[in-house]
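I have placed the structure first, in the form of structure tokens, so that the comments after it can refer back to it.
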Ligand SMILES: Nc1ncnc2c1ncn2[C@@H]1O[C@H](COP(=O)(O)OP(=O)(O)OP(=O)(O)O)[C@@H](O)[C@H]1O
Ligand SMILES: Nc1ncnc2c1ncn2[C@@H]1O[C@H](COP(=O)(O)OP(=O)(O)OP(=O)(O)O)[C@@H](O)[C@H]1O
Ligand SMILES: [Mg+2]
Ligand SMILES: [Mg+2]
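Residue numbers (the numbering used here), protein chains in the order written: chain L, 1 to 227; chain S, 228 to 454.
Shown next as structure tokens:
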């Protein structure tokens, strides 16, 4: 499904270079459920942004369903991103003066012109209920708790039924019970719907829900172990 | 040091009321190290914002060092907030187009007119080193990882040497090693410098570092247990 070959990413800040990914190679197969771990600042979000077509590598290849996409047009990457990938940001990235419901259904405005606005709204309310937040549908992000914002970001990533879900620390703001409910949803999506999941986490208990753990260390993939 | 008596907080959104705190009473003594726990949306950040003089209760009393401050002037509350309280926000609240170093030393511009700008800068660099981020001093928040931003927010809360530290989920974005380093710093501040700490966390392992755990449930304090 996805193959990264010898991927490098260096940020440049004027005259200063910040090398982060230093030759990442990895394969993600259809139906995988992978936990990505590594210390703070090791490059996990950087890797996720590249996987999610939100950023380009400095060098190296990104094969997506057989197509090399690291240097294709922005339009092509935006198409893939909107159609194929659900992304949960580490800092949520919700739209500020926008209700929880409208935040959740936002991706459908790019991809689902055939759905009636009533169907769209219904889908959004279903996702709100799935995450126990139907009573907060009209709240804006500043009127939600941290963990509620996180769940809205998760719901939004699922509204398009994406075949691939990239989740950057999706349970960091959740108590263990609420976190377990979210992981249970991910498990079901992976086992029943065959959705491929890459999940960044700092928590070993969360990582244990995945089928495989990949560790990032010094900008490369450390030897991975199965769970 | 701090006493809350029968504290209520209800948010009003037009015609809708959202009751959150429903009669919180608690005492925080000098030198306490308290972990505040409760499920997502239970009111922990709401309580922390009231403790930090960032928000006022709907009713009830807030006694701070013997002074009832829930209804005193904004100026008085701002004075207490700047001089006495270090606050670590759940979403960091760093200034966007501002370097890590400048973010850290920002509180000193309100409170430390007697320090030379060289001393201020030196203090900021010491805190950056304490958190292992001296090489990131010139990065803006968007050029930092989630856990690095969290550590900058933590450093900023300490720059004033506050007698009270309010930390809203300070390790959520940190791997266990980096999180342990932060908690070690908190431990030292509490044991050696006598700083009073209230720390919100979802993680039982983090809560175990505190001397006492307070649980918030259905808007009130559930029976607390020692650690
Ligand atoms: N735009 C940028 N410009 C310069 N450096 C950057 C930029 N974005 C990130 N970095 C640096 O790249 C490194 C990797 O960042 P990244 O966000 O990928 O880490 P991470 O593994 O997700 O960390 P965390 O667990 O703390 O979220 C960090 O040291 C960070 O300071
Ligand atoms: N400005 C607001 N207007 C209306 N409701 C609000 C507002 N801010 C918070 N709330 C609601 O108040 C409740 C408590 O929020 P709070 O942020 O205190 O929870 P929390 O315990 O910190 O949760 P988390 O663990 O997810 O951070 C939530 O249900 C939230 O939706
Ligand atoms: Mg990250
Ligand atoms: Mg909170």
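From the three backbone atoms N, C-alpha and C, an ideal C-beta is built for every residue, glycine too.
These numbers were taken from a predicted model, which means no experiment stands behind them.
Own chain residues within Cβ distance below 6 angstroms of residue i, not counting five before or after
i                      : result
residue 107 of chain L : 159, 160
residue 26 of chain L  : 4, 221
residue 174 of chain L : 147
residue 410 of chain S : 436
residue 155 of chain L : 104, 127, 131
residue 431 of chain S : none
Chain S residues whose Cβ lies nearer than 9 angstroms to that of residue i
i                      : result
residue 143 of chain L : 238, 240, 245
residue 202 of chain L : 374, 398, 399, 400, 401, 402, 403, 405, 406
Option in the options with minimal Cα separation from residue i
i                      : options                  : result
residue 133 of chain L : L:119, L:19, L:150       : L:150
residue 45 of chain L  : L:166, L:99, L:18        : L:166
residue 416 of chain S : S:260, S:253, S:446      : S:260
residue 195 of chain L : L:163, L:115, L:29       : L:163
residue 97 of chain L  : L:185, L:138, L:14, L:65 : L:138
residue 328 of chain S : S:304, S:355, S:309      : S:355
residue 438 of chain S : S:315, S:316, S:256      : S:256
residue 266 of chain S : L:171, L:193, L:10       : L:171
Rounded C-alpha distance that separates residue i from residue j
i                      : j                      : result
residue 63 of chain L  : residue 282 of chain S : 50 angstroms
residue 454 of chain S : residue 52 of chain L  : At residue 454 of chain S, the pLDDT of 46 sits below 50, so the modelled position is not reliable and the matter cannot be decided from this model.
residue 202 of chain L : residue 36 of chain L  : 9 angstroms
residue 418 of chain S : residue 258 of chain S : 8 angstroms
residue 135 of chain L : residue 80 of chain L  : 33 angstroms
residue 209 of chain L : residue 177 of chain L : 14 angstroms
residue 349 of chain S : residue 342 of chain S : 11 angstroms
residue 285 of chain S : residue 234 of chain S : 8 angstroms
residue 70 of chain L  : residue 60 of chain L  : 8 angstroms
residue 193 of chain L : residue 124 of chain L : 19 angstroms
residue 74 of chain L  : residue 450 of chain S : 56 angstroms
residue 424 of chain S : residue 304 of chain S : 19 angstroms
residue 312 of chain S : residue 244 of chain S : 30 angstroms
residue 14 of chain L  : residue 371 of chain S : 16 angstroms
residue 426 of chain S : residue 316 of chain S : 11 angstroms
residue 414 of chain S : residue 250 of chain S : 30 angstroms
residue 440 of chain S : residue 396 of chain S : 14 angstroms
residue 120 of chain L : residue 113 of chain L : 10 angstroms
residue 295 of chain S : residue 314 of chain S : 20 angstroms
residue 72 of chain L  : residue 157 of chain L : 24 angstroms
residue 344 of chain S : residue 117 of chain L : 57 angstroms
residue 181 of chain L : residue 408 of chain S : 30 angstroms
residue 185 of chain L : residue 412 of chain S : 36 angstroms
Same chain, Cβ closer than 7 angstroms to residue i, neighbours up to 5 away in sequence not counted
i                      : result
residue 42 of chain L  : 216, 217
residue 292 of chain S : 228
residue 94 of chain L  : 103, 141, 149, 152, 153
residue 337 of chain S : 309
residue 247 of chain S : 236, 237, 238, 270, 273, 446
residue 92 of chain L  : 149, 150, 153
First and last residue of the uninterrupted alpha helix (DSSP H) at residue i
i                      : result
residue 82 of chain L  : 74-84
residue 404 of chain S : 403-420
residue 126 of chain L : 117-130
residue 146 of chain L : 146-158
residue 327 of chain S : 327-332
residue 69 of chain L  : Where residue 69 of chain L is concerned, there is no enclosing alpha helix (DSSP H), given that its DSSP letter is neither H nor E.
residue 49 of chain L  : 44-51
Residues near residue i by beta carbon distance below 8 angstroms, same chain, minus five either side
i                      : result
residue 142 of chain L : 96
residue 49 of chain L  : 55
residue 326 of chain S : 364, 365, 366, 367
residue 406 of chain S : 398, 433
Neighbour list for residue i in chain S, Cβ cutoff strictly below 7 angstroms
i                     : result
residue 91 of chain L : 373
residue 73 of chain L : What residue 73 of chain L touches in chain S: nothing, since even the nearest Cβ is about 25 angstroms away.
Chain L residues whose Cβ lies nearer than 7 angstroms to that of residue i
i                      : result
residue 266 of chain S : 175, 177, 178
Within chain S, the residues that residue i reaches when beta carbons sit closer than 8 angstroms
i                     : result
residue 45 of chain L : 372, 373
Where the beta strand (DSSP E) containing residue i begins and where it ends
i                      : result
residue 287 of chain S : 286-291
residue 214 of chain L : 212-217
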